[in-house]
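The structure appears below as structure tokens.
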Amino acid sequence: MTPSITALRKALARPAVWVSLIWLIGISVACAMASVLAPIDPLEQDLSNTFSGPSALHWLGSDELGRDIYSRLLHGGGGLLLTALIPVGVSLLLAVPGGLLAGYLSGRVDAAATFVVDILFALPGLVVVLAIAAVSDNNLVVMAVAFGVLTSGAIFRVVRTATAAARELPYVDAALVSRLSRLRILARHILPNVTGPLIVQAIVHYSGTFLFLTSLSFLGLGFSPETPSWGQMTLNAAQNLDQHPWLMVPVGFALTATVLALNLVGNALLEAVSGHRRPSQLPDPRRPVPDEPADAVVPPAPASVLTVDRLHVCYPGQDGSDRAVVRDVGFQLQRGEVFGLVGESGSGKTTTALSILGLVPPPGRVTSGRVLLHGEDLLRLNEAQLRKVRGSRIGLVAQEPMAALDPSFTVGSQLGEMICLHRRVRRREARQIALSLLTRVGLPDPAAVARRYPHQLSGGIAQRVAIALALSGEPDVLVADEPTAALDVTVQAEIIDLLLHLREESALTLLLVTHDLGVVADICDRVAVMSDGRLIEEGTTEAVLLSPAQEYTRTLVAATPRLPVDAGEERSWA
Amino acid sequence: MRTPLLDVKDLGVEYRSGWRSSPTKAVDDVSLTVGHGEIVGLVGESGSGKSTVGRAILGLTAPARGTIHLGGQDITNRHAADRRDLSTGLQVVFQDPYASLNPACTIGRTLGEPLEVHGKLSAADARTRIEELLTRVGLPADAIDRYPSAFSGGQRQRIAIARAISSDPALVICDEPTSALDVITQARMLDLMSDLSRERGTAMLFIAHNLAVVAAIAQRVVVLYRGRIMETGTTQDVLCRPLHPYTQALIASSPVADPLRQRKRRAARKQADPVAGSEGRAGATPQGCPFAPRCPHATSTCRIQRPAVTLVDGRTVACHLFTADNPTPEGANA
């Protein structure tokens, strides 16, 4: 099954969506079979029985001429629902080839097509259609086609954007390199990327068109006054709203429910197309307190700054049962030590590090274990208490420095804010501290860096600033999650130098999460190897990397590509 | 000497960010060759233009200057889609194992694509061929009817390699094919690629940022920095006896997984002339050496004059420390 079908199934499983679908199908079928389901002639007047209200004869009551509302509702919907397909069809016919060509060819074709669409957007749709109604002798089909042309811009833009984005995909490049014809690439590789957003846009468009046509019939345009239509019924109801409000209920409900259902289905499809609904990344403040290990009384080693004890982290699996991603992990960090946590992707190393800070992304949760910082169990703190620990006692350096920085504030103001928060000092003082922090992370011109916005920083400087941010609360433990993975090697070497310098300068304890055994060899005193959620080996860096006890560690070390010994090394070895 | 399979001469690629802004030179005067069946590593940091060189060869980016010859035919200004008559096959493996396979196509369909162009194979023959390919890259033959979502990153990259070799191309451009993979997967992938290259005589241009990865697979190395070639030579020469100060800095900065050796390398790096911070890029002038602002050996000449490409012991270096009559200056290896 292709992933898009899976996503579609998920979207359709939501109650609001299937109720909407049932309504849409139901109303379409009912309108199509109106003569069977509503045998009373919608035009038959009964002046002795006007405004009757719901009764056995008139299920939804009768109107000012005694006509059956139920019958008028069913007979009046079909024309609208069908006619609304015309503008959508016209729009699709114009906009899909246009959007595909403009998006794929770009350049001048794109500029010209976009110009035309911009003009279409500038035209007032209703006014143009009213003018067309006047010259076309109130011909509904002509008006619907004109409306379709006028509103084709929205679909054009969606198709064009999706096409232009798909054109950049590596598999499209690969198909080009395989010398597939452009037409085939367009049909096979680009169109599937466009269909999702296109279907969504078409449904949204249909819902808008349906409402527009209802407005036209409300104004008495397009639909002949003899045939019933929902717009005309709304007009009648509006005229009698003071005395007979019931009249508005059936048609109002039918209209609102239909448009709402169309939009709900459109939105659900949009979510299915653009990926899953993103769950909140914030940890749940009401998270349950994890179980304590059975013999929790065992005290940590006295010199240990941070102790992780029998930690278990679970994620709910697809079948509802919990899937453990961290199992029985324990280690201790001594003061001033650099401790490496290595493993491949999915080994649970990052989850372990994040659970120390209470930041396991939901729906994951720590199910049992202890995280002791100077003897205090962080897992048993509430969110408010944890907030005081984060930043001021444990700092976090993330892999992507730009993610740690807010793009809309200068470095100086972000740093100043953090310092004010953690150290309770005045702004001017905070500014001084910020500058000294920037100097401390090795930036030669701190005042200039403080004035810059994150996008003006190179990767290396941004990571230095992120480290300064992590240090702003004067933590004595720093958790660094792949702090150099996004950087070039020459910049990585400088950041590692900086971390080592900070450790020497202020006895900072460092938990370094990394996949790179080279970085481990360069900086770590001790290292723990994780695989499949378990900590499989722990020891001094020399012991683990040079004489690994476990088969997995041996494979990992052997798989790490090695540099041949270079001349510079040979000389220093001699 | 046989003409090389791929011959890139003085390649220049420019990007324009706006109508009026002056173009940025992503690739500047790059010349390189790849011989038949040879694996050449193209190494550089981010922004070095290494991927752009690959895209220009593939016909996905138009070059501003220079020529590209493949198998003797000029392919310089021919877009990838206009190369149907080319006699020498060219294929590609990209970095991202997720984006490089169409999620809506079965593996069989994806792998069959390069075969379709030739159009000689019957559907049954093509299927047999694809199943053989899948087995060769270490995947079950029944993968043919499945979708990419059923496979892990490493398996997808094997599929991408199978697609690249399915039409028996003479040259495969590999753009960081292993950098999204875990080390164990990476090691297996590198083995597979060298084996395939040896078995089928497929040449590869292996683009990577990791020197050690290139050392594991390439016979020759080209080192790129900010769009220009710094140094070329055999892998052994360039990695064991780097001549260019940039190559030296690159090697010294790459940590090795042996703590004892790494400790000595760290001490040696500290002892060597401190290379100005990587951020001191402001001083680079378009007419000088791009590495001059960070180079411990830089002189005023380096900032105003572009170093000529010098041939030293069968390898090339673009550095003022090396001139035709002074191929081994004092202190160049410090």
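Protein chains in written order, with my numbering: chain A, 1 to 574; chain B, 1 to 334. All C-beta atoms, glycine included, are put in the ideal place defined by N, C-alpha and C. Note that this is a predicted model, so its numbers are computed, not measured.
Assigned exposure category for R50/B - 16 Cβ within 10 Å defines buried: Translated into positions along the second sequence, residue 50/B becomes position 50. First, the residue type needs correcting, since residue 50/B is Lys and not Arg in the sequence shown. Answer is buried; the Cβ neighbour count reaches 16.
Contact between the stretch 147-154 of chain A and the stretch 75-92 of chain B (3+ Cβ pairs under 8 Å): no
CB contact below 8 Å: Q305/B versus chain A: Locating residue 305/B in the second sequence gives position 305, where the first residue counts as 1. No - not a single Cβ of chain A is within 8 Å of the one on Q305/B.
Any chain A beta carbon closer than 8 Å to V317/B: Residue mapping note: residue 317/B aligns to position 317 of the second sequence, counting from 1. Answer no: the Cβ-Cβ gap between V317/B and chain A never drops below 8 Å.
Helix, strand or coil at A276/B according to DSSP, with G and I counted as helix: Against the second sequence, residue 276/B aligns to sequence position 276. Low confidence applies here, because A276/B scores a pLDDT of 49, under 50, leaving its location unreliable; read the following figure in that light. The answer is coil: DSSP assigns A276/B none of H, G, I, E or B.
Classification of M33/A by the beta-carbon crowding that lies within 10 angstroms, buried from 16 upward: By 1-based counting over the first sequence, the position of residue 33/A is 33. Exposed, by the Cβ-count rule.
Residues within the stretch 163-178 of chain A neighbouring chain B, beta-carbon criterion of under 9 Å: L169, P170, Y171, V172, D173, A174, A175, L176, V177, S178
Burial state of L47/A, where buried means 16 or more other Cβ atoms lie within 10 Å: For the purposes of this step, residue 47/A is identified with residue 47 of the first sequence, where counting begins at 1. L47/A comes out exposed.
Whole runs of the beta strand (DSSP E) within the stretch 235-263 of chain B, excluding any shorter than 3 residues: none
Interface flag, S197/B vs chain D, CB-CB below 8 Å: No chain D appears in this structure, whose protein chains are A and B.
Start-to-end residues for the alpha helix (DSSP H) that takes in V371/A: Start at 1 with the first residue of the first sequence, and residue 371/A comes out as number 371. Not the alpha helix (DSSP H): V371/A falls in the beta strand (DSSP E), residues 365-373.
Nearest to V584/A (by Cα), restricted to the options V127/A, T214/A, T541/A, I433/A: Here chain A has residues from 1 to 574 only, and residue 584/A is not among them.
Residue from R156/B, V183/B, D96/B, S152/B with nearest C-alpha to A559/A: Walking along the first sequence from the start, residue 559/A turns up at place 559. Closest option to A559/A, Cα to Cα, is V183/B.
is_contact[D313/B, chain A] using C-beta, thresh 8 Å: In the second sequence, counting from the first residue as 1, residue 313/B sits at position 313. No, D313/B does not count as interfacial toward chain A.
Residues that Q492/A contacts on chain B, provided the C-beta gap is smaller than 9 Å: Position 492 of the first sequence holds residue 492/A. Those within 9 Å of Q492/A in chain B are S253, S254, P255.
Short CB-CB distance (under 8 Å) between E504/A and chain B: As a first step, residue 504/A is located in the first sequence; it is residue number 504 there, counting from the start. No, because no Cβ of chain B sits closer than 8 Å to the Cβ of E504/A.
Contacts of T560/A in chain B (Cβ-Cβ under 7 Å): Here residue 560/A refers to the residue found at position 560 of the first sequence. Going along chain B in sequence order, the residues near T560/A (Cβ under 7 Å) are V183, A257.
Under 8 Å by beta carbon: chain B residues contacting P603/A: Because chain A here runs from 1 to 574, residue 603/A falls outside it and cannot be looked at.
Boundaries (first-last residue) of the alpha helix (DSSP H) holding V565/A: As a working note, residue 565/A is residue 565 in the first sequence. Segment: none, V565/A is in no alpha helix (DSSP H) and carries neither H nor E.
Helix, strand or coil at T163/A [DSSP, three-state]: Your numbering for residue 163/A matches position 163 in the first sequence. Residue state, collapsed to three classes: helix.
Bounding residues of the beta strand (DSSP E) (the contiguous stretch that carries P575/A): Because chain A spans 1 through 574 in this model, residue 575/A falls outside it and cannot be assessed.
A64/B, DSSP secondary structure in three states: Here residue 64/B corresponds to residue number 64 of the second sequence, with the count starting at 1. Three-state DSSP puts A64/B in coil, outside helix and strand.
Rounded C-alpha distance that separates V117/A from F156/A: Numbered from its first residue, the first sequence carries residue 117/A at position 117. Numbered from its first residue, the first sequence carries residue 156/A at position 156. If I take the Cα positions, the gap works out to 8 Å.
Where F115/A falls, given that 16 or more other Cβ within 10 Å makes a residue buried: Along the first sequence, read from residue 1 onward, the residue named residue 115/A stands at position 115. Answer is exposed; the Cβ neighbour count stays below 16.
Euclidean distance between Cα positions of M189/B and T106/B: To locate residue 189/B, count along the second sequence from 1; it is residue 189. To locate residue 106/B, count along the second sequence from 1; it is residue 106. Distance between the alpha carbons of M189/B and T106/B: 22 Å.
Cβ contact check for the stretch 35-50 of chain B and the stretch 536-552 of chain A: 3 or more pairs under 8 Å: no
Within-8 Å CB hit, F291/B to chain A: Counting from one through the second sequence, the residue named residue 291/B turns up at place 291. So no, F291/B is outside the interface.
Interface flag, H276/A vs chain B, CB-CB below 8 Å: What you label residue 276/A is simply residue 276 of the first sequence in a count that begins at 1. Any reading at H276/A must be qualified, since the residue scores a pLDDT of 47, below 50, and its modelled position is unreliable; the value itself is stated next. Chain B, which has no Cβ nearer than 8 Å to the Cβ of H276/A, makes this no.
Cutoff 8 Å: A574/A Cβ touching any chain B Cβ: Locating residue 574/A in the first sequence gives position 574, counting from the first residue. Residue confidence is low: A574/A scores 40 on pLDDT, short of 50, so the model does not pin down where it sits. Its coordinate-derived value is still stated next. So, not an interface residue.
Beta carbon of I27/A nearer than 8 Å to that of T258/A: Here residue 27/A refers to the residue found at position 27 of the first sequence. Here residue 258/A refers to the residue found at position 258 of the first sequence. Yes, the Cβ-Cβ distance between I27/A and T258/A is below 8 Å.
Cβ shell of V137/B (< 6 Å), same chain only, five flanking positions each side left out: Along the second sequence, read from residue 1 onward, the residue named residue 137/B stands at position 137. Closer than 6 Å at Cβ, skipping near neighbours: R158, I161, A162.
Nearest candidate by alpha-carbon position, reference V142/A, set L556/A, D445/A, Q201/A, F223/A: Indexing the first sequence from 1 puts residue 142/A at position 142. Checked all of L556/A, D445/A, Q201/A, F223/A; the closest Cα to V142/A is F223/A.
Anticipated Cβ contact below 8 Å, I467/A with V366/A, distance rounded: Here residue 467/A refers to the residue found at position 467 when the first sequence is read from its first residue. Here residue 366/A refers to the residue found at position 366 when the first sequence is read from its first residue. With 8 Å as the limit, I467/A and V366/A do not qualify as a contact, their Cβ atoms being about 27 Å apart.
T307/A, buried or exposed, once every other Cβ within 10 Å from all chains shown has been counted against 16: Within the first sequence, numbered from 1, the residue matching residue 307/A stands at position 307. Classification of T307/A: buried, given that the 10 Å Cβ count is 16 or more.
Cβ contact check for the stretch 507-523 of chain A and the stretch 330-339 of chain A: 3 or more pairs under 8 Å: yes
Residues in the stretch 505-538 of chain A having any Cβ partner in chain B nearer than 9 Å: H515, D516, L517, G518, V519, V520, A521, D522, I523, C524
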